[in-house]
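Asks:
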Amino acid sequence: MDIAALKAAASDDLKQGWTVTKAGQVKGDNGEIYKHRYVLALKKILMGIN
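FYI, my numbering numbers position 30 of the sequence shown as 436, with every residue one higher than the one before it.
1. Measure the alpha-carbon distance for GLU486 versus VAL432 and round it to whole angstroms.
2. Looking at the structure shown, is LEU437 part of a helix, part of a strand, or coil, going by DSSP?
3. Which term fits ALA416, buried or exposed, when burial requires 16 or more other beta carbons within 10 angstroms of its beta carbon?
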């Protein structure tokens, strides 16, 4: 379950109208949700687990 949650968080198919920038930042209608490299870091962690 934990790994599935991380994969969903790192997915480019985000719900809630969020977008992921090329820098790995997650943005919503009101600005930044997660800082630069957030999604990139999650993907790097997941690559190490698999």
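All C-beta atoms, glycine included, are put in the ideal place defined by N, C-alpha and C.
Replies: By the coordinates alone:
1. Given a span of 407 to 456 for the chain in the structure shown, any question on residue 486 remains unanswerable.
2. Your numbering for residue 437 matches position 31 in the sequence shown. The amino acid occupying residue 437 in the given sequence is Gly; Leu does not appear at that position. Looking at GLY437 - three-state DSSP - the assignment turns out to be strand.
3. As a first step, residue 416 is located in the sequence shown; it is residue number 10 there, counting from the start. By the 10 Å Cβ count, ALA416 comes out buried.
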